[in-house]
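In this note's numbering, the protein residues as written are 1378 to 1557.
What follows is the structure, encoded as structure tokens:
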């Protein structure tokens, strides 16, 4: 598992180094059907109303279901009101169910591919807290994620840092370069 974790982090950092705007964050999760708690890390690379969101999630062994997920989400901002943004997400991923032998389900196996869809809401400028509700089509279960993403290079009320402007262009007060 630690190798997948390291690969995930490296892929986010490598991709982020090529992207001018990116964020990294974490979340706490609760799966309603399995009554399990987990945590996750994610990156976010925004482009206009669309974001690519690589993610790693882990449900520790103290839960009924011991598993981890590695995937890449695709978020699209649907509505923005004040500083709140409602977005839709779709997340294909790989699931490693580590204690699948304990399950009575006939389709239980160690390696699984699945698809999740859902809605989320986020707010903030440089530090964006979020709340997501997702449905897993493969396992027919839902979970809630509460977390944050911090966007690097975001400076409230400072010069833009746009190449070629020598810092003379001012952004509107309270904006984030990740969504300008």
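Every residue, glycine too, gets a C-beta built ideally from N, C-alpha and C.
Note that the coordinates shown come from a computational prediction; the quantities given were computed from them, not determined experimentally.
Problem set entry | Residue from 1509, 1506, 1499, 1488 whose Cα sits closest to the Cα of residue 1445 | 1488
Exercise. Residue range of the beta strand (DSSP E) that residue 1424 falls in?
Worked result: 1413 to 1424
For this session: Please say whether residue 1448 and residue 1421 have beta carbons closer to each other than 8 angstroms?
Result: no
Exercise. For residue 1472, which of helix, strand or coil comes out of DSSP?
Worked result: strand
Exercise. If we cut at 8 angstroms on Cβ distances, does residue 1442 have a partner in chain B?
Worked result: Going by chain labels, chain B is absent from the structure shown, which holds only one protein chain.
Exercise. What's the call for residue 1536, buried or exposed, on a 16-neighbour Cβ count within 10 Å?
Worked result: With a pLDDT of 41 at residue 1536, under the threshold of 50, the modelled position of this residue cannot be trusted; read the value that follows with caution. By the neighbour-count rule (16 or more Cβ atoms within 10 Å), residue 1536 is not buried but exposed.
Problem set entry | Terminal residues of the beta strand (DSSP E) in which residue 1408 lies | 1400 to 1408
Exercise. Rounded to a whole number of angstroms, what is the C-alpha to C-alpha distance between residue 1483 and residue 1472?
Worked result: 17 angstroms
Problem set entry | Beta-carbon spacing of residue 1493, residue 1513 below 8 angstroms | yes
Exercise. How many angstroms separate the CA atom of residue 1474 from the CA atom of residue 1511?
Worked result: 18 angstroms
Problem set entry | Delimiting residues of the beta strand (DSSP E) encompassing residue 1499 | 1488 to 1499
For this session: My understanding is that residue 1490 touches residue 1467, with C-beta atoms under 8 angstroms, so please give their C-beta distance in whole angstroms.
Result: Between residue 1467 and residue 1490 the Cβ distance is about 14 angstroms, and since that is not below 8 angstroms, they are no contact.
Problem set entry | residue 1517 to residue 1425 span [Cα, whole Å] | 32 angstroms
Exercise. Excluding five sequence neighbours on each side, which residues of the same chain lie with their C-beta closer than 6 angstroms to the C-beta of residue 1458?
Worked result: none
Exercise. Is the beta carbon of residue 1508 less than 8 angstroms from the beta carbon of residue 1495?
Worked result: no
For this session: Assuming residue 1503 contacts residue 1527 (C-beta within less than 8 angstroms), just tell me the rounded distance between them.
Result: 6 angstroms
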